[in-house]
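Following my numbering, the numbering of the sequence shown begins with -12 at its first residue and continues without gaps. Report on the structure given below.
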Amino acid sequence: MNLSLLFDSTGETSSFSGVQLPLTNAPIRFAKFCIRFGASLPSAISSYLLPRKPQIPQEIIDLIIDELGRDQEDLRCRSALRDCALVCRSFRPRTAMYIFETVQITQHRWKRDSHLKLYQRFEVLLEILEGNPSLGPLIHGFDIDAWTETRVEAQVHFWWRENAAIPLIFKYTNSIQRFRICEHNLHFPVSWEALPKDMAASFEAIIASPSLRKFHILNFEDFPVYLLNSTGIVDVTFSCTKCRVNVSDVRPNVFGLIPQPRISPSFICRGKLKRQRL
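Structure, rendered in C-alpha coordinates:
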(Lines of atoms letter the chains of each structure in order from A and count residues from 1; the text may use other names and numbers.)
(Lines give C-alpha, C1' and ligand atoms only; values in the text may rest on other atoms or scores of the structure.)
Protein backbone atom coordinates (compact mmCIF):
# COMPACT_ATOMS: atom_id res chain seq x y z
CA MET A 1 0.00 0.00 0.00
CA ASN A 2 1.28 3.49 -0.82
CA LEU A 3 1.47 5.29 2.54
CA SER A 4 1.91 8.67 0.90
CA LEU A 5 -1.79 8.63 0.13
CA LEU A 6 -2.49 8.79 3.84
CA PHE A 7 -0.49 11.94 4.57
CA ASP A 8 -1.31 15.56 3.92
CA SER A 9 0.64 17.93 1.66
CA THR A 10 2.82 19.21 4.52
CA GLY A 11 4.41 15.80 4.93
CA GLU A 12 4.28 16.02 8.70
CA THR A 13 1.09 14.33 9.82
CA SER A 14 -1.97 12.80 8.31
CA SER A 15 -5.47 12.58 9.70
CA PHE A 16 -7.38 9.46 8.64
CA SER A 17 -10.63 8.44 10.27
CA GLY A 18 -9.92 10.82 13.16
CA VAL A 19 -6.50 9.30 13.96
CA GLN A 20 -3.27 11.33 13.80
CA LEU A 21 -0.26 9.51 12.30
CA PRO A 22 3.16 11.21 12.77
CA LEU A 23 5.51 10.98 9.79
CA THR A 24 8.43 9.78 11.94
CA ASN A 25 8.75 5.99 11.78
CA ALA A 26 5.61 5.99 9.68
CA PRO A 27 5.76 2.34 8.53
CA ILE A 28 6.12 1.04 12.11
CA ARG A 29 3.40 3.27 13.48
CA PHE A 30 1.17 2.40 10.57
CA ALA A 31 1.65 -1.32 11.27
CA LYS A 32 0.75 -0.80 14.94
CA PHE A 33 -2.27 1.19 13.83
CA CYS A 34 -3.41 -1.69 11.63
CA ILE A 35 -3.01 -4.19 14.46
CA ARG A 36 -4.90 -1.95 16.87
CA PHE A 37 -7.87 -1.25 14.62
CA GLY A 38 -7.99 -4.72 13.00
CA ALA A 39 -10.02 -5.40 9.90
CA SER A 40 -11.92 -2.11 10.01
CA LEU A 41 -9.00 -0.22 8.46
CA PRO A 42 -8.80 -2.01 5.07
CA SER A 43 -12.51 -1.59 4.53
CA ALA A 44 -12.30 2.08 5.48
CA ILE A 45 -9.35 2.65 3.16
CA SER A 46 -11.04 0.86 0.27
CA SER A 47 -14.20 2.90 0.69
CA TYR A 48 -12.11 6.08 0.86
CA LEU A 49 -9.86 5.37 -2.13
CA LEU A 50 -12.03 3.25 -4.43
CA PRO A 51 -15.39 4.13 -5.98
CA ARG A 52 -18.33 2.06 -4.80
CA LYS A 53 -19.37 -0.76 -7.12
CA PRO A 54 -22.95 -0.70 -8.36
CA GLN A 55 -25.18 -3.21 -6.53
CA ILE A 56 -27.94 -5.30 -8.09
CA PRO A 57 -31.28 -4.64 -6.36
CA GLN A 58 -32.45 -7.51 -4.17
CA GLU A 59 -35.72 -7.66 -6.12
CA ILE A 60 -33.86 -8.60 -9.31
CA ILE A 61 -31.83 -11.23 -7.47
CA ASP A 62 -35.05 -12.72 -6.11
CA LEU A 63 -36.52 -12.88 -9.61
CA ILE A 64 -33.46 -14.75 -10.88
CA ILE A 65 -33.62 -17.24 -8.00
CA ASP A 66 -37.38 -17.70 -8.57
CA GLU A 67 -36.72 -18.51 -12.22
CA LEU A 68 -34.19 -21.17 -11.23
CA GLY A 69 -36.54 -22.57 -8.60
CA ARG A 70 -39.39 -23.09 -11.07
CA ASP A 71 -37.33 -25.50 -13.17
CA GLN A 72 -35.71 -27.82 -10.64
CA GLU A 73 -36.19 -30.78 -12.96
CA ASP A 74 -33.22 -29.34 -14.82
CA LEU A 75 -30.03 -30.47 -13.09
CA ARG A 76 -28.30 -27.25 -14.09
CA CYS A 77 -30.95 -25.16 -12.35
CA ARG A 78 -30.71 -27.24 -9.20
CA SER A 79 -26.94 -26.94 -9.22
CA ALA A 80 -27.21 -23.18 -9.75
CA LEU A 81 -29.59 -22.88 -6.78
CA ARG A 82 -27.11 -24.64 -4.52
CA ASP A 83 -24.31 -22.44 -5.77
CA CYS A 84 -26.39 -19.35 -4.99
CA ALA A 85 -27.01 -20.62 -1.47
CA LEU A 86 -23.27 -21.03 -0.89
CA VAL A 87 -21.93 -17.91 -2.57
CA CYS A 88 -23.75 -15.23 -0.59
CA ARG A 89 -25.52 -15.14 2.75
CA SER A 90 -28.22 -12.81 1.47
CA PHE A 91 -29.16 -15.42 -1.17
CA ARG A 92 -29.84 -18.18 1.36
CA PRO A 93 -33.40 -17.36 2.50
CA ARG A 94 -34.71 -17.26 -1.06
CA THR A 95 -32.82 -20.33 -2.30
CA ALA A 96 -33.79 -22.35 0.79
CA MET A 97 -37.46 -21.92 -0.17
CA TYR A 98 -36.81 -24.04 -3.27
CA ILE A 99 -33.99 -26.33 -2.15
CA PHE A 100 -35.94 -27.61 0.87
CA GLU A 101 -39.44 -27.29 -0.60
CA THR A 102 -39.63 -31.07 -1.09
CA VAL A 103 -37.70 -33.69 0.87
CA GLN A 104 -37.24 -37.09 -0.78
CA ILE A 105 -35.98 -40.02 1.29
CA THR A 106 -35.21 -42.74 -1.26
CA GLN A 107 -33.96 -46.30 -1.02
CA HIS A 108 -32.03 -47.36 -4.11
CA ARG A 109 -33.05 -50.81 -5.27
CA TRP A 110 -29.74 -52.14 -6.54
CA LYS A 111 -27.37 -50.80 -3.89
CA ARG A 112 -26.05 -53.06 -1.17
CA ASP A 113 -27.52 -52.57 2.32
CA SER A 114 -29.82 -49.89 0.94
CA HIS A 115 -32.32 -50.53 3.76
CA LEU A 116 -29.69 -49.38 6.27
CA LYS A 117 -28.89 -46.28 4.23
CA LEU A 118 -32.58 -45.37 4.10
CA TYR A 119 -32.66 -45.58 7.89
CA GLN A 120 -29.54 -43.41 8.14
CA ARG A 121 -30.94 -40.75 5.82
CA PHE A 122 -33.61 -39.94 8.40
CA GLU A 123 -30.91 -39.50 11.03
CA VAL A 124 -28.99 -37.13 8.75
CA LEU A 125 -32.16 -35.13 8.04
CA LEU A 126 -32.81 -34.84 11.77
CA GLU A 127 -29.31 -33.45 12.32
CA ILE A 128 -29.92 -30.84 9.61
CA LEU A 129 -33.24 -29.74 11.10
CA GLU A 130 -31.86 -29.62 14.64
CA GLY A 131 -29.02 -27.40 13.45
CA ASN A 132 -31.33 -25.25 11.28
CA PRO A 133 -34.83 -25.17 12.80
CA SER A 134 -35.91 -22.44 10.36
CA LEU A 135 -35.80 -24.98 7.50
CA GLY A 136 -38.67 -27.07 8.90
CA PRO A 137 -41.53 -24.70 7.94
CA LEU A 138 -40.11 -24.47 4.39
CA ILE A 139 -40.73 -28.19 3.76
CA HIS A 140 -44.05 -28.55 1.89
CA GLY A 141 -43.53 -31.98 0.32
CA PHE A 142 -42.28 -35.16 1.99
CA ASP A 143 -41.69 -38.38 0.02
CA ILE A 144 -40.59 -41.76 1.37
CA ASP A 145 -39.67 -44.26 -1.36
CA ALA A 146 -38.62 -47.69 -0.10
CA TRP A 147 -37.75 -50.92 -1.89
CA THR A 148 -37.79 -53.74 0.62
CA GLU A 149 -35.55 -56.69 -0.14
CA THR A 150 -37.32 -59.94 0.70
CA ARG A 151 -34.01 -61.70 1.37
CA VAL A 152 -33.20 -59.30 4.23
CA GLU A 153 -34.10 -60.39 7.74
CA ALA A 154 -37.45 -59.02 8.87
CA GLN A 155 -36.15 -57.22 11.95
CA VAL A 156 -34.04 -54.85 9.84
CA HIS A 157 -36.75 -53.96 7.34
CA PHE A 158 -37.28 -50.23 7.26
CA TRP A 159 -41.03 -50.49 7.83
CA TRP A 160 -40.69 -52.82 10.82
CA ARG A 161 -37.70 -51.30 12.55
CA GLU A 162 -37.99 -48.64 15.25
CA ASN A 163 -36.72 -45.30 13.98
CA ALA A 164 -36.40 -42.69 16.70
CA ALA A 165 -35.59 -39.95 14.16
CA ILE A 166 -38.97 -40.01 12.38
CA PRO A 167 -41.16 -38.63 15.21
CA LEU A 168 -38.58 -35.92 15.94
CA ILE A 169 -38.34 -34.90 12.27
CA PHE A 170 -42.07 -34.33 11.94
CA LYS A 171 -42.05 -32.09 14.99
CA TYR A 172 -40.02 -29.62 12.93
CA THR A 173 -42.21 -29.91 9.82
CA ASN A 174 -45.61 -28.34 10.46
CA SER A 175 -46.36 -27.11 6.93
CA ILE A 176 -46.41 -30.33 4.89
CA GLN A 177 -48.88 -30.08 2.00
CA ARG A 178 -47.92 -33.22 0.03
CA PHE A 179 -47.15 -36.57 1.66
CA ARG A 180 -46.18 -39.74 -0.17
CA ILE A 181 -45.24 -43.10 1.33
CA CYS A 182 -44.40 -45.85 -1.13
CA GLU A 183 -43.15 -49.43 -0.98
CA HIS A 184 -42.08 -50.20 -4.55
CA ASN A 185 -41.58 -53.94 -4.12
CA LEU A 186 -45.07 -55.08 -5.07
CA HIS A 187 -44.27 -58.60 -3.84
CA PHE A 188 -43.87 -57.18 -0.33
CA PRO A 189 -46.98 -55.23 0.71
CA VAL A 190 -46.62 -53.39 4.01
CA SER A 191 -49.22 -53.82 6.72
CA TRP A 192 -50.10 -50.53 8.39
CA GLU A 193 -50.83 -52.43 11.59
CA ALA A 194 -47.27 -53.83 11.60
CA LEU A 195 -45.62 -50.39 11.58
CA PRO A 196 -43.82 -49.37 14.78
CA LYS A 197 -46.12 -47.31 16.98
CA ASP A 198 -44.03 -44.14 16.80
CA MET A 199 -43.77 -44.35 13.01
CA ALA A 200 -47.50 -44.98 12.54
CA ALA A 201 -48.39 -42.17 14.94
CA SER A 202 -46.12 -39.75 13.04
CA PHE A 203 -47.68 -40.68 9.69
CA GLU A 204 -51.19 -40.36 11.11
CA ALA A 205 -50.36 -36.93 12.55
CA ILE A 206 -49.28 -35.72 9.11
CA ILE A 207 -52.42 -37.09 7.46
CA ALA A 208 -54.55 -35.32 10.06
CA SER A 209 -52.61 -32.08 9.68
CA PRO A 210 -54.78 -29.17 8.43
CA SER A 211 -52.03 -28.14 6.01
CA LEU A 212 -52.01 -31.45 4.07
CA ARG A 213 -53.65 -31.27 0.64
CA LYS A 214 -52.29 -34.26 -1.30
CA PHE A 215 -51.72 -37.82 -0.09
CA HIS A 216 -50.32 -40.79 -2.02
CA ILE A 217 -49.84 -44.27 -0.60
CA LEU A 218 -48.45 -47.26 -2.52
CA ASN A 219 -48.51 -50.97 -1.68
CA PHE A 220 -49.93 -50.93 1.84
CA GLU A 221 -52.48 -53.13 3.55
CA ASP A 222 -54.94 -52.42 6.35
CA PHE A 223 -54.78 -48.68 5.89
CA PRO A 224 -57.30 -47.17 8.36
CA VAL A 225 -59.53 -45.15 6.09
CA TYR A 226 -61.02 -43.21 9.01
CA LEU A 227 -57.77 -41.17 9.05
CA LEU A 228 -59.21 -39.23 6.13
CA ASN A 229 -62.04 -37.99 8.32
CA SER A 230 -62.07 -34.23 8.92
CA THR A 231 -58.92 -33.50 6.96
CA GLY A 232 -58.10 -30.84 4.39
CA ILE A 233 -56.93 -33.38 1.80
CA VAL A 234 -58.27 -32.69 -1.70
CA ASP A 235 -56.23 -35.23 -3.71
CA VAL A 236 -55.83 -38.87 -2.65
CA THR A 237 -54.06 -41.63 -4.56
CA PHE A 238 -54.33 -45.27 -3.41
CA SER A 239 -52.00 -47.47 -5.46
CA CYS A 240 -52.08 -51.23 -4.79
CA THR A 241 -53.47 -50.45 -1.34
CA LYS A 242 -56.08 -52.26 0.73
CA CYS A 243 -58.02 -50.17 3.20
CA ARG A 244 -59.43 -51.25 6.52
CA VAL A 245 -62.90 -50.14 7.56
CA ASN A 246 -64.02 -51.17 11.02
CA VAL A 247 -67.56 -50.61 12.21
CA SER A 248 -66.10 -49.07 15.35
CA ASP A 249 -64.28 -46.53 13.20
CA VAL A 250 -67.42 -45.33 11.45
CA ARG A 251 -68.87 -42.07 12.66
CA PRO A 252 -71.91 -40.31 11.17
CA ASN A 253 -69.78 -37.97 9.08
CA VAL A 254 -67.01 -40.34 8.00
CA PHE A 255 -68.55 -41.60 4.77
CA GLY A 256 -69.84 -38.15 4.01
CA LEU A 257 -66.31 -36.78 3.97
CA ILE A 258 -64.37 -39.59 2.33
CA PRO A 259 -65.73 -39.03 -1.23
CA GLN A 260 -64.70 -35.38 -1.16
CA PRO A 261 -61.02 -35.88 -2.06
CA ARG A 262 -60.26 -36.22 -5.74
CA ILE A 263 -59.09 -39.76 -6.49
CA SER A 264 -56.48 -40.19 -9.23
CA PRO A 265 -57.65 -43.31 -11.11
CA SER A 266 -54.80 -43.25 -13.61
CA PHE A 267 -52.40 -44.22 -10.84
CA ILE A 268 -54.54 -46.82 -9.10
CA CYS A 269 -53.50 -50.42 -9.78
CA ARG A 270 -55.84 -52.05 -7.30
CA GLY A 271 -57.98 -50.53 -4.60
CA LYS A 272 -59.99 -52.61 -2.17
CA LEU A 273 -62.07 -51.93 0.89
CA LYS A 274 -61.90 -54.70 3.44
CA ARG A 275 -64.71 -54.68 5.99
CA GLN A 276 -64.12 -56.47 9.25
CA ARG A 277 -66.76 -57.86 11.52
CA LEU A 278 -66.80 -57.11 15.20
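Backbone N, C-alpha and C fix where the C-beta goes; we use that ideal spot for every residue, glycine too.
Is residue i helix, strand or coil by DSSP?
i	result
Asp53	helix
Arg200	coil
Ile47	helix
Thr218	coil
Phe210	strand
Cys71	helix
Ile126	coil
Gln94	coil
Glu117	helix
Thr160	coil
Glu110	helix
Thr135	coil
Should residue i and residue j be called a contact, given that it needs their Cβ atoms to be closer than 9 Å?
i	j	result
Tyr85	Gly118	no
Ile126	Val90	yes
Leu214	Ala152	no
Glu149	Met186	yes
Ile168	Leu116	no
Leu182	Trp146	yes
Leu122	Tyr159	yes
Cys71	Ile47	no
Ser196	Asn161	yes
Asp209	Lys229	yes
Ala133	Glu191	no
Should residue i be labelled buried (16 or more other beta-carbon atoms within 10 Å of its own) or exposed?
i	result
Ser77	exposed
Ile194	buried
Ile163	buried
His95	exposed
Thr11	In this predicted model, Thr11 has a pLDDT of only 45, less than 50, meaning its place in the structure is not dependable enough to derive any value.
Arg69	exposed
Val177	buried
Val74	exposed
Arg81	buried
Closer than 9 Å, CB to CB, is residue i near chain D or not?
i	result
Glu88	Protein chains in the displayed structure number just one, and chain D is not present.
Nearest to residue i by alpha carbon, out of the options?
i	options	result
Gly219	Arg200, Cys230, Gln59 and Leu105	Arg200
Phe109	Leu122, Ser121, Thr93 and Pro124	Thr93
Gln45	Arg79, Leu62 and Pro176	Arg79
Glu88	Glu54, Gly128 and Trp179	Gly128
Pro211	Ala192, Arg231 and Ser198	Arg231
Asp130	Phe166, Glu114, Pro120 and Pro124	Phe166
Ala83	Glu180, Ser198 and Pro124	Pro124
Using a Cβ-based criterion (distance less than 8 Å to any ligand heavy atom), does residue i qualify as near the ligand GDP?
i	result
Leu182	Summarising the ligand content, the structure contains no ligands, and the ligand GDP is consequently not present.
With contact counted as at least three CB pairs below 8 Å, one residue from each stretch, are the region 220 to 228 and the region 194 to 209 in contact? Output reads yes: the region 194 to 209 touches the region 220 to 228.
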